[in-house]
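J.: If you read the protein sequences in the order shown, they are chains W and R.
Using numbering that gives the first Met the number 0, the first residue of the first sequence is number 0, and each one after it goes up by one.
Using numbering that gives the first Met the number 0, the first residue of the second sequence is number 0, and each one after it goes up by one.
Backbone N, C-alpha and C define an ideal beta-carbon position, used for all residues, glycine too.
Treat the numbers as computed from the prediction; the structure is a model and nothing was measured.
Could you have a look at this structure, given as structure tokens, before my questions?
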Amino acid sequence: MMYVRRVERRLARLGGKLFGVAPLARKLVSDAVSAVDDFMTARLGEEFNERLARVPKNLMSSGVDPFGMDPEWTKYALASAAFLHRHYFRTEVRGQEHVPAGRALLIANHSGQVPIDGALIGASLFMDVEPPRFMRAMVEKWSQTLPFVSIFFSRVGQVVGVPENAKRLLERDEVLLVFPEGARGISKTFDQRYRLADFGLGFMRLAIETGTPIVPVSVIGGEEQYVNVKNVETLARLFRMPAFPLIPQLLVPGGVLPLPTKYRITFGEPMFFGGDSDDDDSVMEEKVELVRATIQAMVNRGLRERKSVFFG
Amino acid sequence: MSDVGETEVFSVRGAASVPGTGTLLVTGACGRLGKGVIRTFHRERPVIGVDRRPFPDRPKDVEHARVDIRRKKLKDVFRSGNIEAVVHLGVMHDPRASAAEHHSWNVAGFQKLLEYVAQFKVPKLVVLSSANVYGPQPDNAQFLPEDAPLLGGARFSEIRDLIEVDMLTQGFFWKHPTTETVILRPVHILGQVRNAASNFLRLPTIPTLMGFDPMVQVIHESDVIGAIRCALAPKMRGIFNVAGKEPLPLSRIVRMLGKTSIPIPYTLGKALLKRLFALHLSSFPTPELDHIRYVCMVDDGLARKTLGYEPKLSVEETVLSVEAERFS
Numbered sequence: 000m001m002y003v004r005r006v007e008r009r010l011a012r013l014g015g016k017l018f019g020v021a022p023l024a025r026k027l028v029s030d031a032v033s034a035v036d037d038f039m040t041a042r043l044g045e046e047f048n049e050r051l052a053r054v055p056k057n058l059m060s061s062g063v064d065p066f067g068m069d070p071e072w073t074k075y076a077l078a079s080a081a082f083l084h085r086h087y088f089r090t091e092v093r094g095q096e097h098v099p100a101g102r103a104l105l106i107a108n109h110s111g112q113v114p115i116d117g118a119l120i121g122a123s124l125f126m127d128v129e130p131p132r133f134m135r136a137m138v139e140k141w142s143q144t145l146p147f148v149s150i151f152f153s154r155v156g157q158v159v160g161v162p163e164n165a166k167r168l169l170e171r172d173e174v175l176l177v178f179p180e181g182a183r184g185i186s187k188t189f190d191q192r193y194r195l196a197d198f199g200l201g202f203m204r205l206a207i208e209t210g211t212p213i214v215p216v217s218v219i220g221g222e223e224q225y226v227n228v229k230n231v232e233t234l235a236r237l238f239r240m241p242a243f244p245l246i247p248q249l250l251v252p253g254g255v256l257p258l259p260t261k262y263r264i265t266f267g268e269p270m271f272f273g274g275d276s277d278d279d280d281s282v283m284e285e286k287v288e289l290v291r292a293t294i295q296a297m298v299n300r301g302l303r304e305r306k307s308v309f310f311g
Numbered sequence: 000m001s002d003v004g005e006t007e008v009f010s011v012r013g014a015a016s017v018p019g020t021g022t023l024l025v026t027g028a029c030g031r032l033g034k035g036v037i038r039t040f041h042r043e044r045p046v047i048g049v050d051r052r053p054f055p056d057r058p059k060d061v062e063h064a065r066v067d068i069r070r071k072k073l074k075d076v077f078r079s080g081n082i083e084a085v086v087h088l089g090v091m092h093d094p095r096a097s098a099a100e101h102h103s104w105n106v107a108g109f110q111k112l113l114e115y116v117a118q119f120k121v122p123k124l125v126v127l128s129s130a131n132v133y134g135p136q137p138d139n140a141q142f143l144p145e146d147a148p149l150l151g152g153a154r155f156s157e158i159r160d161l162i163e164v165d166m167l168t169q170g171f172f173w174k175h176p177t178t179e180t181v182i183l184r185p186v187h188i189l190g191q192v193r194n195a196a197s198n199f200l201r202l203p204t205i206p207t208l209m210g211f212d213p214m215v216q217v218i219h220e221s222d223v224i225g226a227i228r229c230a231l232a233p234k235m236r237g238i239f240n241v242a243g244k245e246p247l248p249l250s251r252i253v254r255m256l257g258k259t260s261i262p263i264p265y266t267l268g269k270a271l272l273k274r275l276f277a278l279h280l281s282s283f284p285t286p287e288l289d290h291i292r293y294v295c296m297v298d299d300g301l302a303r304k305t306l307g308y309e310p311k312l313s314v315e316e317t318v319l320s321v322e323a324e325r326f327s
């Protein structure tokens, strides 16, 4: 017991010393935060703050929601996404009136090697949709084992990808984004661009079980940001990655940045599905195919109307 | 006349005719929680406390049976009093006790208890399990339902006894439908109790894992007793998760206590804790680290709906209660 006390006391003293450095660190952090705040207002306009005040939040007394989402963190993540959205990719958003005010499942095509499409859909839900919404999405469970990443995802509203979490979010009337193509979708090679891979069935069971409208979303512009020549399967297996894309532009200085393509995000009319969420896969597949075909048609139409990958 | 005769028979056997007022047997009576349970119920109904430890400050009307639950003497306790309900709190959590002692106390002792409950047809059994049986995992749903798998033992062998107790109770539930069996799985209990969670928050400086700040649920000991009261009500049976008012990030708890935290990288923290534990400088076994790394939260909707359980204390009151004892 004596030893324990002594160690405790020593730890307390160490804590006290750390506390001594804290005021300086705190000042640095608060300076940095206010600089970011100013930049945000200058770049994104007062509109950003005004929208932040209006977004439905559903918080507990500790200032976070039950999944650990903290608006104080989310606002910075959103600001950087909104900056890319407005100034880098100059996203053109259509059909924002189709997003319902209550619960909704956004089903989108996935592309671009890195999930910038997800961030931009999140930004447009906040910047362009009425009322503004915080988008929720699901992340791989191994992300929870990574320090800092796990806190960041949880604070900006990304939850662990298990069906129970998705169900609970929808029951709380949140907007949930799902890419049913999964990893197969994001790492498409350039010759396969805008050809939707097979969809998983989970989202349809979820929509039926919770009575949630499905909003089909098409994203155009992602496939050209990184041109993937080939997926090298042996290397992917070696590094235990879902895919190992060969991207020539990474060899060019500055090529790490995605090409500034113009994104076009279109929200389609909500689709409602009934029936039994425990139906056979074959029954589900038919319904899922309907959603997939709708999104593919939206993508095809968008591609026909598009005059330039980078402008207009 | 026959009515009177029946009443006489009952009074001879010492049973109450009104359910919920008969004798209550509490195991682990001398633990902090056990004492709390006894103080809550001894004015309402006869209470027998079972514990091998002494119980010097026990209320006068409480009978204390100082027996080891593994011994035959326990049977005499069941035989002499007509017991209407058993509340089992006597799970040993001492991280220093040997695995064999742990197992024989927690599992063999509990099996004896179940045997007597069946033999003497005790109408009610309440077993205090824990939400730790689910175990903190990176792929846990944010709020686990009662039918989630009990994976707590995968990395933390000390939890296996508790899982076994939980499972034995589930088996008993089906084998003996005449006994109303209730399993309560509360989240981290805070208060005067001396468990890992409360002891952790009593540290003068709270070590955390760098880059991890999971959401946690806490419950005050008095709310656990409230849940036990709900479980003792007639007709209640089943497995129930029990949580406090609302979850919050671990860092908010540290802030509420007005303490400093030292973030330590996981690998370093693990190695350090292993050494400290081996040198008896810390009472926390290494697998406990997962509790400050991953979520292990429960959905207590069923307890609120079916049992009518409702936590009374706010999160802040619950958290601050761990420190109350230091100054009193």
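Skipping 5 residues on each side, what residues in its chain have a beta carbon closer than 8 Å to that of residue 309 (chain R)?
T.: For residue 309 (chain R), where only same-chain residues beyond five positions count, the Cβ hits under 8 Å are 225 and 303.
J.: So, does the stretch 137-148 of chain R touch the stretch 264-279 of chain R, judging by three or more C-beta pairs under 8 Å?
T.: No, they do not touch.
J.: Residues of the stretch 144-164 of chain W in Cβ contact with chain R at a cutoff of 7 Å, in chain order, please.
T.: Going along the stretch 144-164 of chain W in chain order, one finds 144, 146, 147, 149, 150, 158, 159, 161, 163 and 164 with a Cβ nearer than 7 Å to chain R.
J.: Using a C-beta cutoff of 9 Å, does residue 65 (chain W) count as contacting chain R?
T.: Interface residue, yes.
J.: With a floor of 4 residues, list each alpha helix (DSSP H) that falls wholly inside the stretch 76-109 of chain R, ordered by position along the chain.
T.: For the stretch 76-109 of chain R, whole alpha helix (DSSP H) runs of length 4 or above, ordered along the chain, are 98-102.
J.: Distance check for residue 113 (chain W) and residue 267 (chain W), CA to CA, integer angstroms please.
T.: For residue 267 (chain W) and residue 113 (chain W), the distance between alpha carbons rounds to 24 Å.
J.: Kindly indicate the opening and closing residues of the beta strand (DSSP E) around residue 157 (chain W).
T.: Looking at the DSSP string, the run of the beta strand (DSSP E) that includes residue 157 (chain W) is 157-159.
J.: Less than 7 Å between C-beta atoms, sequence neighbours within five positions excluded: which residues of the same chain meet that for residue 280 (chain W)?
T.: Result list for residue 280 (chain W): 200, in chain order.
J.: So what does DSSP say about residue 68 (chain R), is it helix, strand or coil?
T.: Residue state, collapsed to three classes: coil.
J.: So for residue 176 (chain W), helix, strand or coil by DSSP?
T.: Reduced to three states, the DSSP call for residue 176 (chain W) is strand.
J.: What is the rounded straight-line gap between the Cα of residue 301 (chain W) and the Cα of residue 264 (chain W)?
T.: Residue 301 (chain W) and residue 264 (chain W): Cα-Cα distance of roughly 9 Å.
J.: Please classify residue 206 (chain R) as buried or exposed, where buried requires at least 16 other C-beta atoms within 10 Å of its C-beta.
T.: So residue 206 (chain R) ends up on the buried side.
J.: Can you pull the DSSP bridge partners for residue 303 (chain R)?
T.: DSSP lists no partner for residue 303 (chain R).
J.: Going by beta carbon distance, what residues of the same chain come within less than 7 Å of residue 94 (chain W), once the five residues before and after it are set aside?
T.: Hits under 7 Å: 265, 266 and 267.
J.: For the beta strand (DSSP E) that contains residue 93 (chain W), what are its first and last residues?
T.: Note, residue 93 (chain W): beta strand (DSSP E), 91-93.
J.: For my contact list, residue 236 (chain R) and residue 180 (chain R) are in at a C-beta cut-off of 8 Å; report their separation, rounded to the angstrom.
T.: Yes, they are in contact, since the Cβ atoms of residue 236 (chain R) and residue 180 (chain R) sit about 6 Å apart, within 8 Å.
J.: Using a beta-carbon distance below 9 Å, is residue 122 (chain R) in contact with chain W?
T.: Answer no: the Cβ-Cβ gap between residue 122 (chain R) and chain W never drops below 9 Å.
J.: Run down chain W in chain order and give the residues with a C-beta less than 7 Å from the C-beta of residue 146 (chain R).
T.: Near residue 146 (chain R) there are no residues of chain W at all, since even the closest Cβ is about 11 Å away, more than 7 Å.
J.: Can residue 37 (chain W) be considered in contact with the ligand HEM, in the sense that its beta carbon sits closer than 8 Å to one or more heavy atoms?
T.: Here there are no bound small molecules, and the ligand HEM is not part of this structure.
J.: Please check if any C-beta of chain R sits within less than 9 Å of the C-beta of residue 318 (chain W).
T.: Because chain W spans 0 through 311 in this model, residue 318 (chain W) falls outside it and cannot be assessed.
J.: On the three-state DSSP scale, how would you describe residue 98 (chain W)?
T.: Residue state, collapsed to three classes: coil.
J.: Report yes or no: is there a C-beta of chain W within less than 9 Å of the C-beta of residue 290 (chain R)?
T.: Not closer than 9 Å to any Cβ of chain W, the Cβ of residue 290 (chain R) fails to qualify, so no.
J.: Pull the bridge partners of residue 179 (chain R) from the DSSP assignment, please.
T.: R:123.
J.: What residue range is occupied by the uninterrupted beta strand (DSSP E) comprising residue 22 (chain R)?
T.: Its beta strand (DSSP E) spans residues 22-26.
J.: May I ask you to list, following chain order, the residues of the stretch 298-316 of chain R that have a beta carbon less than 9 Å from some beta carbon of chain W?
T.: If the cut-off is 9 Å between Cβ atoms, the stretch 298-316 of chain R has 298, 313, 314 and 315 near chain W.
J.: Under DSSP, the alpha helix (DSSP H) around residue 299 (chain W) begins and ends at which residues?
T.: Per DSSP, residue 299 (chain W) belongs to the alpha helix (DSSP H) from 280-304.
J.: Are the C-beta of residue 74 (chain W) and some C-beta of chain R separated by less than 9 Å?
T.: Not one chain R Cβ lies under 9 Å of residue 74 (chain W).
J.: Bridge partners for residue 129 (chain W) per DSSP, in chain order?
T.: Paired residues: none, contrary to the question.
J.: Using a Cβ-Cβ distance cut-off of 9 Å, determine whether residue 212 (chain R) contacts chain W.
T.: Yes, its Cβ sits closer than 9 Å to a Cβ of chain W.
J.: Quick one: using the 10 Å Cβ neighbour count with 16 as the cut-off for buried, is residue 173 (chain R) buried or exposed?
T.: The residue is exposed, with fewer than 16 neighbouring Cβ atoms inside 10 Å.
J.: If you drop the 5 nearest sequence neighbours on each side, which residues of the same chain put their C-beta closer than 7 Å to that of residue 307 (chain R)?
T.: Answer for residue 307 (chain R): 229, listed in chain order.
J.: Indicate the three-state DSSP secondary structure (helix, strand or coil) for residue 192 (chain R) in the structure shown.
T.: In the structure shown, residue 192 (chain R) sits in coil (DSSP, three-state: anything other than H, G, I, E or B).
J.: Determine, using beta carbons only, whether residue 267 (chain R) and residue 212 (chain R) come nearer to each other than 9 Å.
T.: No, they are not a contact pair.
J.: What does the alpha-carbon distance come out to for the pair residue 289 (chain R) and residue 143 (chain W)?
T.: Computed Cα separation, rounded: 12 Å.
J.: Quick one: Cα of residue 309 (chain W) to Cα of residue 195 (chain W), how far?
T.: Distance between the alpha carbons of residue 309 (chain W) and residue 195 (chain W) is about 22 Å.
J.: Go through its chain and collect everything with a Cβ distance to residue 319 (chain R)'s Cβ below 6 Å, but skip five positions before and after it.
T.: So no residue of the chain qualifies.
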